[in-house]
(Lines of atoms letter the chains of each structure in order from A and count residues from 1; the text may use other names and numbers.)
(Lines give C-alpha, C1' and ligand atoms only; values in the text may rest on other atoms or scores of the structure.)
Protein backbone atom coordinates (compact mmCIF):
# COMPACT_ATOMS: atom_id res chain seq x y z
CA UNK A 1 0.00 0.00 0.00
CA UNK A 2 1.46 3.29 -1.02
CA UNK A 3 1.51 6.47 0.98
CA UNK A 4 -1.10 8.03 -1.30
CA UNK A 5 -3.51 5.14 -0.76
CA UNK A 6 -3.12 5.51 2.98
CA UNK A 7 -3.79 9.25 2.78
CA UNK A 8 -6.92 8.60 0.71
CA UNK A 9 -8.20 5.99 3.19
CA UNK A 10 -7.59 8.31 6.13
CA UNK A 11 -9.43 11.12 4.31
CA UNK A 12 -12.39 8.80 3.63
CA UNK A 13 -12.46 7.70 7.24
CA UNK A 14 -12.39 11.34 8.37
CA UNK A 15 -15.37 12.07 6.11
CA UNK A 16 -17.26 9.08 7.52
CA UNK A 17 -16.50 10.14 11.09
CA UNK A 18 -17.66 13.69 10.31
CA UNK A 19 -20.86 12.34 8.75
CA UNK A 20 -21.51 10.08 11.74
CA UNK A 21 -20.88 12.92 14.18
CA UNK A 22 -23.33 15.14 12.26
CA UNK A 23 -25.93 12.35 12.28
CA UNK A 24 -25.43 11.84 16.02
CA UNK A 25 -25.88 15.57 16.64
CA UNK A 26 -29.16 15.54 14.67
CA UNK A 27 -30.36 12.48 16.62
CA UNK A 28 -29.49 14.09 19.94
CA UNK A 29 -31.40 17.21 18.90
CA UNK A 30 -34.43 15.08 17.98
CA UNK A 31 -34.28 13.25 21.30
CA UNK A 32 -34.01 16.54 23.19
CA UNK A 33 -37.05 17.90 21.34
CA UNK A 34 -39.02 14.74 22.10
CA UNK A 35 -38.07 14.93 25.78
CA UNK A 36 -39.15 18.57 25.98
CA UNK A 37 -42.47 17.77 24.28
CA UNK A 38 -43.05 14.88 26.68
CA UNK A 39 -42.27 17.11 29.67
CA UNK A 40 -44.77 19.72 28.48
CA UNK A 41 -47.40 17.03 27.93
CA UNK A 42 -46.86 15.54 31.38
CA UNK A 43 -47.06 18.98 32.97
CA UNK A 44 -50.39 19.55 31.23
CA UNK A 45 -51.70 16.18 32.40
CA UNK A 46 -50.62 16.87 35.98
CA UNK A 47 -52.34 20.26 35.97
CA UNK A 48 -55.57 18.74 34.66
CA UNK A 49 -55.45 15.93 37.21
CA UNK A 50 -54.89 18.45 39.99
CA UNK A 51 -57.94 20.42 38.85
CA UNK A 52 -60.03 17.25 38.63
CA UNK A 53 -59.00 16.15 42.12
CA UNK A 54 -59.79 19.58 43.55
CA UNK A 55 -63.19 19.55 41.83
CA UNK A 56 -63.91 16.08 43.24
CA UNK A 57 -62.89 17.18 46.75
CA UNK A 58 -65.10 20.26 46.51
CA UNK A 59 -68.06 18.19 45.30
CA UNK A 60 -67.52 15.67 48.10
CA UNK A 61 -67.27 18.42 50.70
CA UNK A 62 -70.46 20.06 49.38
CA UNK A 63 -72.30 16.74 49.45
CA UNK A 64 -71.19 15.98 53.00
CA UNK A 65 -72.05 19.51 54.10
CA UNK A 66 -75.51 19.21 52.60
CA UNK A 67 -76.01 15.84 54.31
CA UNK A 68 -74.98 17.23 57.70
CA UNK A 69 -77.25 20.25 57.32
CA UNK A 70 -80.13 17.97 56.28
CA UNK A 71 -79.59 15.74 59.30
CA UNK A 72 -79.37 18.73 61.64
CA UNK A 73 -82.60 20.16 60.24
CA UNK A 74 -84.34 16.81 60.51
CA UNK A 75 -83.16 16.45 64.09
CA UNK A 76 -84.26 19.99 64.91
CA UNK A 77 -87.74 19.30 63.48
CA UNK A 78 -87.98 16.19 65.59
CA UNK A 79 -88.02 13.80 62.67
CA UNK A 80 -85.02 11.95 64.08
CA UNK A 81 -84.55 10.85 67.66
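In the numbering used here, the protein residues as written are 1 to 81. We treat Cβ as the ideally placed atom computed from N, Cα and C, and that holds for glycine.
Distance from the CA of residue 14 to the CA of residue 38, rounded to the nearest whole angstrom, comes to 36 Å. A straight-line Cα-Cα distance of about 60 Å links residue 23 and residue 63. According to the DSSP assignment, residue 72 belongs to the alpha helix (DSSP H) that extends over 3–76.
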